[in-house]
Amino acid sequence: MDCPVVSTLGELRVVKGQRDLVLAAKRGGQATAKLPIYRGRVDNTIDKSFRRELKRLARVLGMEANFIWLDWLSDTRPLLAASDIFVSPSHSESFGLAILDAMIAVAQWSRR
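Counting from 1 along the sequence shown, just add 128 to a position and that's the residue number in this note's numbering.
Encoded structure:
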């Protein structure tokens with residue numbers, strides 16, 4: 129049985145809410161979901177500590193295998209096309225570019 133693919137786009141930063149997404153995945157019972165986490169062009173944390181923290185949290189929650197940690201993507205369309213759900217957990221952006229990218233991907237997909 130295929131599991132749902134839940135994705136997010138953005139730089140790895142606390143304000144982007146990726147920690148909340150990891151916690152919500154466990155709390156929401158999405159133990160079978162695959163969650164691609166896309167990293168923006170730069171991990172803005174010193175020595176990439178936030179990325180390590182997120183990976184450790186997923187491991188501690190027993191969900192390490194459910195996350196796919198992607199590096200920078202020059203084209204996000206394949207990821208968005210493969211996603212069943214797009215999540216924007218950002219604490220500071222009510223309507224960021226990632227949401228616009230996801231909306232464009234849906235519009236392109238629906239025209240097929």
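Even glycine gets a Cβ: it sits at the ideal position worked out from N, Cα and C.
{"query": "Could you check the C-alpha separation between Arg-169 and Leu-198 for me, to the nearest Å?", "result": "Here Arg-169 scores only 46 on pLDDT, less than 50, and its place in the model is too uncertain to base an answer on."}
{"query": "Applying the 10 Å Cβ sphere with the 16-neighbour rule, what's the burial state of Met-129?", "result": "For Met-129, the predicted model reports a pLDDT of 38, less than 50, meaning its position is unreliable and no value from the coordinates is stated."}
{"query": "Quickly, what does DSSP pair Ile-213 with across the bridge? List them, please.", "result": "Val-134"}
{"query": "Thinking Leu-208 and Ser-135 are a contact (beta carbons under 8 Å), I'd like their distance in whole angstroms, please.", "result": "7 Å"}
{"query": "Quick check on DSSP: helix, strand or coil for Met-129?", "result": "Residue placement at Met-129 is flagged as unreliable, the pLDDT there being 38, under the threshold of 50; the coordinate-derived value follows with that caveat. Looking at Met-129 - three-state DSSP - the assignment turns out to be coil, as it is neither helix nor strand."}
{"query": "Assuming Lys-154 contacts Met-191 (C-beta within less than 8 Å), just tell me the rounded distance between them.", "result": "6 Å"}
{"query": "Beta-carbon within less than 6 Å of Leu-151's beta-carbon, same chain only, minus the 5 sequence neighbours each way: which residues are those?", "result": "none"}
{"query": "Can the beta-carbon of Ala-233 be found closer than 8 Å to that of Leu-137?", "result": "no"}
{"query": "Buried or exposed: where does Phe-223 fall if 16 or more other Cβ atoms within 10 Å of its Cβ makes it buried?", "result": "exposed"}
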